[in-house]
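Here the sequence shown is numbered in my numbering, starting from 430 and rising by one per residue. What follows is a set of notes on a single structure, which appears directly below.
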Amino acid sequence: MKMINGYHRLNRMQQLEILSQTTGIDGKSLANLSFDQVRSQIIENYLTDYILPEGILVNLRVNKKDYVVPMVTEEPSVVAAANNGAKLFHTFGEITAHAERLKMGQVLISGVSQKKDLIENLRAFENELLAVANQAYPSIVKRGGGAQKIRVRQLGVDSLSLDVYVDTKDAMGANIVNTMMEAIAATLEVKFKVTTEMAILSNFTDRATVKVTGIIDANAIEHSVAEKIVKASEFAQVDPYRATTHNKGIMNGVDAVVMATGNDWRAIQSGAHAFAARDGQYKGLSTWHLDGSKLVGTLEIPMAVATVGGSIKINPMAQLNLELLGISDSRELAEVIGSVGLVQNLAALKALVTDGIQKGHMQMQARSLLLSNGIHPKNIERGVRALLKYDRMNAESAMQVIKEIEGK
430 MKMINGYHRL NRMQQLEILS QTTGIDGKSL ANLSFDQVRS QIIENYLTDY
480 ILPEGILVNL RVNKKDYVVP MVTEEPSVVA AANNGAKLFH TFGEITAHAE
530 RLKMGQVLIS GVSQKKDLIE NLRAFENELL AVANQAYPSI VKRGGGAQKI
580 RVRQLGVDSL SLDVYVDTKD AMGANIVNTM MEAIAATLEV KFKVTTEMAI
630 LSNFTDRATV KVTGIIDANA IEHSVAEKIV KASEFAQVDP YRATTHNKGI
680 MNGVDAVVMA TGNDWRAIQS GAHAFAARDG QYKGLSTWHL DGSKLVGTLE
730 IPMAVATVGG SIKINPMAQL NLELLGISDS RELAEVIGSV GLVQNLAALK
780 ALVTDGIQKG HMQMQARSLL LSNGIHPKNI ERGVRALLKY DRMNAESAMQ
830 VIKEIEGK
């Protein structure tokens, strides 16, 4: 394929022509793709909109408040499992959550010959550095936020990280933190004659975490099942292979709400997995234990989410979904999302230690097979019942079911 130069400078028709020539896809097919003027300004080289389904989680009660939660995901069973877990807690237990929201930026310094002296000087200069940061972004200070404190860490032989904790209120805060860090870096180079290599936020937001606790009557799910859930939790604390899948199940729910609210799911993912390995070994983000007749689950996870700023304000679905949630600020949003992660985890572990994970997936797999092979939506329920009777579910058996029902 020949190098394509200046693609971003071409108008839409020229870009589509280039795509047609280089890929062999019919130009008419490309021209029929939907185009949105606003979203074409959000990313570069915009082609069209990639659509994902949105479902609803009901019966989620957190801190004695009920929520309707939008979830965006392409994975079958995620929304169903979340609803199952939420209903169990709503009926037989309770969920409490508390979130903190200090974001962190860092200025990385290299070539330090007298680390001890520099560390002491930086700590003594804390108030001045915080003032520099807040002067760089005064609007966040007016809203009650701003740079709060610093921390200095030694990195390797001759390097340091100056960490600055910032309250960005309800904003995502990337621009706020980055602006502050660059201002501090410039000050450090003049004041202390050091070499700053970079100044940027960190997505490992260990001071913007949410801690969720769920308590449920163990007898409501059978005490023996509760004991198995505890054992499954213990495996996730000692085996990184199991912990990875354990945490993936949690993130199924977390990511779905993060996406629905227009937040940065990549940042949440990276922060969550770093947090899972903070002690040097990758572990499950949640733990479960029995307290008498109560099954108790605890989940702590970085949750640096926002309700304003970024693409949220120009994404009408994100705005609608925040309205559906009925939340007051980013702290409450973090508490809801963390709680979704815990109910998702309960449902997954319960399925895993009882019927196995596949049974819950089979109906959704049958549904997907039938739809992908052309069944009419009005016949889907009848088709699912028929396909589940087959020993093997594949495209061939799906086509046979469709033929029997629709005569195709």
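Where is the CB? At the ideal position from N, CA and C, for every residue including glycine.
Residues in the same chain with beta-carbon distance under 7 Å from residue i, minus the five sequence neighbours each way, listed in chain order, please.
i	result
Leu445	Gly456, Leu459, Ala460
Gly678	Gln773, Asn774, Ala777
Ser797	Pro505
Leu749	none
Ala637	Glu529, Arg530, Leu531, Lys532, Pro731, Met732, Ala733
Pro669	Gln710, Tyr711
Ala795	Val813, Leu816, Leu817, Met822
Ile658	Trp717, Leu724, Leu778, Lys779, Val782
Asp478	Ser463, Asp465, Arg468
Phe521	Ile645, Asp646, Ala649
Glu618	Thr625
Asn744	Gly691
Ser826	Leu816, Tyr819
Gln486	Looking at the sequence provided, one finds Leu at residue 486 rather than Gln. Taken in chain order, the residues that qualify are Val498, Met500, Val508, Ala511, Asn512, Ala515, Val769.
So, for residue i: in the same chain, excluding its five sequence neighbours on each side, which residues have a beta-carbon less than 6 Å away from its beta-carbon?
i	result
Ala776	Ala510, Asn513, Gly514
Gly555	What sits at residue 555 in the sequence shown is Glu, not Gly. Correct list, in chain order: Ile579.
Ser590	Gln535, Leu537, Arg582, Leu584
Ala565	Thr608, Met609, Ala612
Val501	Leu481, Glu483, Ala685, Met688, Ala689
Ala661	Leu778, Val782
Glu729	Thr638, Lys640
Ala703	Phe633
Val830	Gly812, Ala815, Leu816
Arg441	none
In the DSSP output, what is residue i paired with across the bridge?
i	result
Asp720	Lys723
His527	Lys640
Lys807	BP columns for Lys807 are empty, so no partner.
Tyr594	Met533, Lys578
Ser588	Leu584
Ser539	Thr624
Ala600	Val737
Gly522	Ile645
Ser909	Lying before the first or after the last residue shown, residue 909 is absent from the chain, which here runs from 430 to 837.
With a cut-off of 8 Å on the beta carbons, I'd call residue i and residue j a contact; round off their distance for me.
i	j	result
Pro834	Asn802	It is Ile, not Pro, that sits at residue 834 in the sequence shown. Wrong, their Cβ atoms sit about 12 Å apart, outside the cutoff.
Gly682	Val772	7 Å
Ala696	Asn632	5 Å
Leu517	Ala649	7 Å
Gly721	Gln666	That belief does not hold up - the Cβ atoms of Gly721 and Gln666 are roughly 22 Å apart, past 8 Å.
Ala747	Ile756	About 13 Å; that fails the 8 Å criterion.
Thr783	Val725	Their Cβ separation, rounded to whole angstroms, is 19 Å, which puts Thr783 and Val725 out of contact at 8 Å.
Leu476	Val769	The pair is not a contact, with the Cβ atoms about 31 Å apart (cut-off 8 Å).
Ala763	Lys640	At roughly 10 Å, the Cβ-Cβ gap does not stay under 8 Å, so Ala763 and Lys640 are not in contact.
Ala615	Leu719	In fact, because the Cβ distance is near 55 Å, the residues do not count as touching under 8 Å.
Ser846	Asp635	Because the chain in this structure spans residues 430 to 837, residue 846 falls outside the shown range and cannot be described.
Gly602	Val595	7 Å
By Cβ distance below 8 Å, which residues in the same chain neighbour residue i in space, the five residues on each side in sequence not counted?
i	result
Val541	Leu547, Asp587, Ser588, Leu589, Val623
Ala705	Ala672, Asn676, Tyr711, Lys712, Gly713, Leu714
Arg811	Ile834
Tyr436	Gln444, Ile447, Asn474
Gln854	Examination of residue 854 is not possible in this model, given that the chain is present from 430 through 837 alone.
Asn823	Leu798
Any Cβ of chain B within less than 7 Å of the Cβ of residue i?
i	result
Thr634	Absent from the structure is chain B; it holds one protein chain and no more.
Examine the Cβ distances between the segment 483-494 and the segment 610-619 and report whether three or more of them are shorter than 8 Å. no
What are the start and end residues of each continuous alpha helix (DSSP H) run of 4 or more residues lying completely inside the segment 717-783, in chain order? 745-754, 759-782
Would you check if there are 3 or more beta carbon pairs closer than 8 Å linking the segment 594-608 to the segment 524-537? yes
Can you list, in chain order, the stretches of the beta strand (DSSP E) that have 3 or more residues and sit fully within the segment 446-502? 483-491, 494-501
Given 8 Å as the limit, is there contact between the segment 566-581 and the segment 732-746, that is, 3 or more CB pairs closer than that? no
Please go through the segment 603-662 and give each complete alpha helix (DSSP H) segment of 4 or more residues, from N-terminal end onward. 603-620
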